[in-house]
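A.B. asks: My questions all concern the structure below.
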Amino acid sequence: MKLKEYRLVLLSGALIFVASLAWGHGDKKHQDSPRMSGHMAEMYQLKKQIPEEFQIMNRSPVRPDNESLANGKRLFGQHCAVCHGAEGKGDGPAAKALNPSPANFHDLKHSAIYGPGEKFWIIGNGTGKTGMPGLEKELTPKDRWDLVNHIYHLQGTAE
Ligand code: HEC
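Everything in the sequence shown is counted per this note's numbering, starting at 2 for the first residue and increasing by one.
Shown next, in the form of structure tokens:
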């Protein structure tokens, strides 16, 4: 094969790879639902902004042991309960003023739209226009994983 042809084959291979990544993106089941609310659409909009490496993570790299859960609970009371409520039901004192309302972590169907890596990313970067601040500067990565563990603990699914 001539060098020029070889390059062409490589280039088209790379293009097919990139296109397949774009097609494979997102959760088709939810996206195709004709009854998807504007709010769900916004959640998927946010999901698209989250880097791939966080989208594909399916568990927290920090073990949800007693120390992690205690730290997560403490930080949740300090930084999150004002909006999400002490028990994570989305009913904190600031919740009424926010549209959309802060996530209720006990609504498992809603919360499952974001996996552990995506929750971690959201805690660091916020939700953009929906009113949740990013706390990347205030919280170390370990703190943010402890918070993710705490959320799954509230949902009864922390391993
Ligand atoms: C100013 C109010 C506010 C504060 C403070 C806040 N959030 Fe949020 N949070 C929101 C709003 C609003 C949303 C978007 C809800 C939606 O899209 O349904 C949200 C969404 C989320 C989500 C994505 C939804 C889900 O179920 O996975 C996570 C995770 C989250 N918050 C975690 C936290 C954590 C942890 C803290 C504390 C470090 C925190 N938030 C602090 C308002 C807040």
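In this text, a Cβ means the ideal position worked out from N, Cα and C, and glycines have one as well.
I need the DSSP call for G132, collapsed to helix, strand or coil.
C.D. replies: Correct three-state label for G132: coil.
A.B. asks: How long is the line joining the alpha carbons of H154 and C81, rounded to whole angstroms?
C.D. replies: About 15 Å.
A.B. asks: Measuring CB atoms only, is the segment 126 to 133 touching the segment 61 to 71, in the sense that at least three cross pairs come out at less than 8 Å?
C.D. replies: Not touching, per the Cβ criterion.
A.B. asks: From E68 to F77, what does the alpha carbon distance come to, in whole angstroms?
C.D. replies: Approximately 14 Å between the Cα atoms of the pair.
A.B. asks: Please state whether DSSP places I152 in a helix, a strand or coil.
C.D. replies: Note: I152 maps to helix in three-state DSSP.
A.B. asks: If we ignore side chains and look at the alpha-carbon of each, how far apart do M44 and I114 end up?
C.D. replies: Those two C-alpha atoms are separated by around 8 Å.
A.B. asks: Got a sec, what are the start and stop residues for the alpha helix (DSSP H) A104 sits in?
C.D. replies: Taken as a continuous stretch (DSSP letters only), A104 belongs to no alpha helix (DSSP H), as it is neither H nor E.
A.B. asks: What is the residue span of the alpha helix (DSSP H) that A82 lies within?
C.D. replies: Here the alpha helix (DSSP H) through A82 covers 82 to 85.
A.B. asks: Going by the beta-carbon positions, is the gap between I198 and L47 smaller than 9 Å?
C.D. replies: Limits of the chain in this structure are 2 at one end and 160 at the other, which puts residue 198 out of reach.
A.B. asks: So what does DSSP say about M58, is it helix, strand or coil?
C.D. replies: Reduced to three states, the DSSP call for M58 is coil.
A.B. asks: Name the two residues that bound the continuous alpha helix (DSSP H) containing E119.
C.D. replies: Start and end: 117 to 126.
A.B. asks: Just checking T128 against the ligand HEC - is the residue's beta carbon closer than 8 Å to any of the ligand's heavy atoms?
C.D. replies: Yes.
A.B. asks: Nearest CA to the CA of G135: which residue from G127, T141, A71?
C.D. replies: Comparing Cα-Cα distances from G135 to each of G127, T141, A71, the minimum goes to G127.
A.B. asks: Going straight from the alpha carbon of P142 to that of N72, what length do you get?
C.D. replies: Using only the alpha carbons, I get a separation of about 13 Å.
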